[in-house]
Every structure is written in structure tokens, then in C-alpha cells.
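Residue numbers (the numbering used here), protein chains in the order written: chain A, 111 to 471; chain B, 111 to 471. Every residue gets a Cβ at the ideal spot worked out from N, C-alpha and C, and that includes glycine. Written below as C-alpha cells is the structure these notes are about.
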């Protein structure tokens, strides 16, 4: 069996990505998904002001400058582990105050060998008492371990009034594909004993959005029951670099910044040499016929704007009920950066209403 | 009574816009709708390749270069009349072939003093026999007179299988606000004799999208029946320059190009000195409670991406059924530029399905 850590240095895609990250000067890292023959559009340098068409909290999030060190990524598995742990420790510090404010309780648990957290709001409205949401956290398939991955699940529980089971799936550098997906599937199978599938939905953003789509593809393949609805937010639905907003929103999105940056290096660690066009890695290439009703969120400055709307169109072409919400001025996942922003409450309440329409009771 | 032609030179907004158009070097013309205190985002110059994630026809539309003369606009009412007439004559030349291909017949008519065209498809499916759509054309409130304004209506009739009545409303420089809206309302009132309101929808893009929203606000004010559904495409919902994509998609959108360019000069001629925040001019500021189900279309490169998604959010906040569709790589109104593009058929069929769900028979 390959040791995934030593395997990493043999992955050409990763080497290319690291080269791009080190050497990049202009945000045109993507060689995928662009027409090679037609002339491109020259856009001059400019300064984009912060829009006043969003809340003061969101203005602050939008104004956050891009780190001058965004091209620097850890260079070894150990450096990755240290970097992920530092970020996780910082994220965890903010969670107790949010749980208090949203009146959400957290319980760690292990289900069929997979770690998870149950987020339970103080008040569960009657229609949600027999419902359960499964949450798949983001973090580019490498970040957000343990409690640090529960922020979005906490907001969903608090604003939506649902019990939310957040999967603490295994991640690279120690556990590349398909460990994360396997763990999500294990939890999905175990959850069938907690609630009927028709009363359950799956929610997740970024890598968690990609995994939410991939888990439905996998459940279809394995003839498992499907959730009654899903809410993939700004999904990493195409790891190949295709999608026009990888170009148009490069260096405008202050979270993902540019294709080939840290997030894609992490995604390549997860893919571990597997063809990035595999629908279980890049679900935009999957067959979405028979998918459950889907609510998608993205923002006008999101590097994954295109890959969210491409999923939306694929779902609609397959005849699936699919609602798209695009948030003014927001970069990647803006709506779950600050639970005090009205945009956070509004978005999770919108998701909750969608689930209420499509879930059994 | 003021002569609208001589009134024009007294309009400060127009003077400011013309100054901006002549002097502009960077696409930051908007003084509206941005935070004055928070730091903006510096984005370097770059060349955006044409995405391969769209059809070959759409790639060609996206690759169309921005005219080097885009800052030049007509300088007098006579120059405007000549410019509009030239563009209209060119547009009309392409229409017979499209009508043939889509099997749509055109009939000019005058209804209660307002000029209009009825577009009738060769085959009207049974569920659409007692339905009628009203179409309000685009052209920044100044362009698209006569038959030249019927292109979108022809696609809606042909791809959707509906009878479509396209309003040839009066326009500046001879007829500023509220002439266009008055003409739309006259047709709406007259249409009540052709079909019940519950069997009718209103469709229009760009200025026509703004007018579609304004006509619902006006019908609410005047206690008239409302249409059963509306389809404002990339609506000019905010003439003040607010909306983040006026900044982010400036010089990326090859149709509208930048706030303060030709389209906004035309809009200022229409506004004729009236406060641009008036909801009948900028319907994003209107009260959307009680609006009919609404389907919105825009594109990831659309200068009006923000002002489409802001309308979507306002509708949802008001509890209105509102579906948003954002099209990969498309600038302003990409889906109605070429009826042979699969994106055109797909979009009009999506609108038709939405109408089928919400219109009486």
C-alpha cells in the first residue's frame, strides 16, 4: 500500500500547482477550460471600492486585504499538519461565543468509527423534531479538523432550528481520497437509523459542497437512499481549473484568491494523483439525474461563482428542482464568515425554508 | 410644458455622465453605492481568456472585443436619433431569418394609441392557447424602436410556444419618463380584454427588465390586476450606479462596458432630471411585497449581475417566489444575442417552464 505522504511528491498535478503558486504573477494559472484560439479580454489595473449595498459587517469582510504571503504554502506534510493545526486552534476559540449567542449545544461522538459532532439548538420547532441534517465542512479537503469544522453547522442549527450532525472526516496529508467521501458515506448509512432519508438533508460549503454533491453521486451508484434535499454552498465542483470566474474573480475573491493557490494545492493532495475530472472529485462532470432538490449559494465576487452556476445549470438540465442564490459583493462563502451579519441569518433561514418545503416530517 | 429635447441640457446627471464618459480612464465612474472609508481591492491588469465551458456560439459572443470608441456618445438629440436609427436598421435585417427559423409570424398593430407587434408561433401548445405574454424590449430606454425591438419577443414566442405582444413604447430624446411606462401600462390595461391577468406574464430584459419591474410597482399603486408571473432579464434596476458588479465586471462585460458609458447616458435622458432613486426608475428601491412569481436571468460577466441578484434578494425578503439563473461567462443579456446558441433555447425554455407552473390556462 502506498504511503500517501511519500506518494505526494510523485503527483504531477501537485507539482504543477506548486510551481504555479510559487511563480505566479498574474492570475491566469488555469490552462483548463479556456478557448485556446479566441482573443481574450484585456482588463486594466484598478481598485475596486467596497460596496455600500451590503451590511456593515459584510463590508468589513469584503474589505479584508489579501495577504501578501498568499503565494506561500507549506512545503511538506509536517508543515501542512502544523499549519492546519494552528488555523484550527484559532478558529475553535471563536466557537463558544457563537454557540452561546445562537443557543446551540455541541456533543462530540464517534459513529461506526467516524468522528462527528452533533449540534443541537435549544429550541427545535415541531416540524423539525423528526428531521436531521448532515453537515460536511469545508477547508479545501485538508483544513477544518475536529471542532474547528463546525462553524457552518452551528449557524445552520441555530438559525434553522435543526439538529445537525457534522462529519469530522479524515483528511490529507494522512488520508487522501477516498477517505473523506468514505467517512461521509459511513455517516450517511448510519444516519438511516436516526431518521428516515426523506426527513434528512445534507449541507456543506466549499470542499464540503463538493463532497455533498459527490456523496449523492456515490449514493446513486451504491443504490442507497438519497437525502430529501441538499444545500451545497459555493461547491468545489471542478478541481481542473475550468470555470470562467477562476479568471474573472481572481484576486478579487479575498478568500480563495486565485486558481492554483493554497486551496488547489490542498485539493491536489486530496486527489492524490487521481484524474481531477473524476465526478467523485469534480462533481460538475457527474450525471445529476435523480438528484434531490438542491439549494446553491455563492457570491458575485466568489472565485467559484462559475462552478456554482454550472452545477445549477446541470441540475436544471437534468430536471432537478434547483434554487440558486447569489449574494451581493460576497467572495467565497461570505455568508458564514460572521454570524452577526444579517446576510448570515438570511442565508441560513433561506436554506431552512427550502428544507422545510422538501423534507418529510 | 417643457420640451424634452431642450430640457436635456439642463439635466445635471446627464452632464456628469457625459463628463465621466469623455474623461474616463479607469472603470470607477460610480460615486454611488460604495463605502467611502474602507480600503478597496487593488487588482492588477490581466487578460481574461474566453472560457471553454460555454457553447462555441457563446464563446464567439464573449470574444467580441470592446469597441475602442466605446467612450464616444452622440452629443445632441439629432445625433442620438441618427445613431438609434442606424442601429435599428442593422438589427432589423437579421430578424426575418430568425422568424423563419423559429416559425414565428409578426404583425404590427396599434392598441389604444400605443404601437406594438404581435409575435405568433406556428404551433401553440394546448396549455398556452389562452395565455398571452407582454414583452418590453431593452435598449437603455432609447434604442430598439419599431421592429428592431422584437428580437427577444421572437425567441420567447418561438422557443416557448406563446403569443407575445411586444410594446413599441415611446422613447427619448423625444419622449422621456414616464412615456415608456405609460405606454406599457396602456398595453397592460388593454390586454385585460385579450386574456385574464392570471393567464398573462410580462417579460423584458435590460431597460425592458427595469420597466417590467416598474410596471408591477405601478400596477400595485394603481390597484390594477398583476400579471401571473414576470421574467425580468438582467434588469436596469438601479440607475444610480450602486451595485458591486458595476465595479467588478467593468471592462469585462463587452455590452454595457462600464457604468457611465452610453447606456447610462441614455438612461439619464429617460430620467430627464427625476431622482434616479425613484422606484419607477430604479425598481430595486421599490416595495416588492405582493409581486408575482419572478424568474431572473443574468450572467457571470454581466455589469448588472449585482443589480439582478439584489432584486432577487429583495423579492425573497418580501416572500415572493423568485428563481435566479446566472449563465456561465455571459455578459449583459448573452442568452438573447444568438438564437442558434444552445444557451438561448435553454434559457427561453426555462422561462417557459416557469410560466407554465405559474400561469392559469
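Test: residue i CB closer than 8 Å to a CB of chain B
i	result
residue 262 of chain A	no
residue 450 of chain A	no
residue 392 of chain A	no
residue 355 of chain A	yes
residue 340 of chain A	no
residue 242 of chain A	no
residue 396 of chain A	no
residue 435 of chain A	yes
residue 236 of chain A	no
residue 349 of chain A	no
residue 466 of chain A	no
residue 210 of chain A	no
residue 362 of chain A	yes
residue 169 of chain A	yes
Whole-angstrom distance between residue j and residue i, CA atom to CA atom
i	j	result
residue 454 of chain A	residue 471 of chain A	25 Å
residue 244 of chain A	residue 220 of chain B	59 Å
residue 410 of chain B	residue 273 of chain A	35 Å
residue 144 of chain B	residue 240 of chain A	45 Å
residue 216 of chain B	residue 233 of chain B	14 Å
residue 235 of chain B	residue 270 of chain B	9 Å
residue 184 of chain B	residue 378 of chain A	53 Å
residue 357 of chain B	residue 155 of chain A	12 Å
residue 218 of chain B	residue 341 of chain B	23 Å
residue 423 of chain B	residue 398 of chain B	10 Å
residue 224 of chain A	residue 293 of chain A	6 Å
residue 286 of chain B	residue 382 of chain B	6 Å
residue 434 of chain A	residue 199 of chain B	38 Å
residue 281 of chain A	residue 351 of chain A	22 Å
Own chain partners of residue i with C-beta closer than 7 Å, once the 5 adjacent residues on each side are dropped
i	result
residue 344 of chain A	315, 316, 319, 407, 408, 412, 414, 418, 442 and 443
residue 324 of chain A	291, 390 and 393
residue 328 of chain B	291, 295 and 390
residue 445 of chain B	407, 437, 453, 454 and 457
residue 158 of chain B	362
Short CB-CB distance (under 8 Å) between residue i and chain A
i	result
residue 345 of chain B	no
residue 439 of chain B	yes
residue 366 of chain B	no
residue 319 of chain B	no
residue 143 of chain B	yes
residue 137 of chain B	Bear in mind that the predicted position of residue 137 of chain B carries a pLDDT of just 39, short of 50, making it unreliable; the figure below should be weighed with that in mind. Chain A contact via Cβ: present.
residue 150 of chain B	yes
residue 413 of chain B	no
residue 184 of chain B	no
residue 471 of chain B	no
residue 419 of chain B	yes
residue 131 of chain B	Its pLDDT being 42, under 50, residue 131 of chain B is placed unreliably in this model, and the value from its coordinates should be taken loosely. Not closer than 8 Å to any Cβ of chain A, the Cβ of residue 131 of chain B fails to qualify, so no.
residue 460 of chain B	yes
residue 402 of chain B	no
For residue i, three-class secondary structure by DSSP
i	result
residue 417 of chain B	helix
residue 145 of chain A	coil
residue 281 of chain A	coil
residue 464 of chain A	helix
residue 256 of chain B	helix
residue 164 of chain A	coil
residue 218 of chain B	strand
residue 289 of chain A	helix
residue 153 of chain B	strand
residue 430 of chain B	coil
residue 321 of chain B	helix
residue 158 of chain B	strand
Cut-off 6 Å between Cβ atoms - residues of its own chain near residue i, not counting five sequence neighbours on either side
i	result
residue 214 of chain A	229, 231, 264, 267 and 268
residue 182 of chain B	none
residue 160 of chain A	169, 172 and 173
residue 349 of chain B	377, 386, 391 and 392
residue 396 of chain A	327 and 389
residue 227 of chain A	216, 218, 260 and 276
Close beta carbons around residue i, own chain, < 8 Å, minus the five adjacent residues each side
i	result
residue 359 of chain A	411, 412, 413, 415 and 441
Opposing strand residues paired with residue i [DSSP bridges]
i	result
residue 245 of chain A	A:276 and A:313
residue 339 of chain A	A:311
residue 226 of chain B	B:219 and B:277
residue 408 of chain A	A:436
residue 231 of chain A	A:214
Residue-chain proximity (residue i, chain D), Cβ-Cβ < 8 Å
i	result
residue 173 of chain A	As a matter of chain content, chain D is missing from the structure shown, whose protein chains are A and B.
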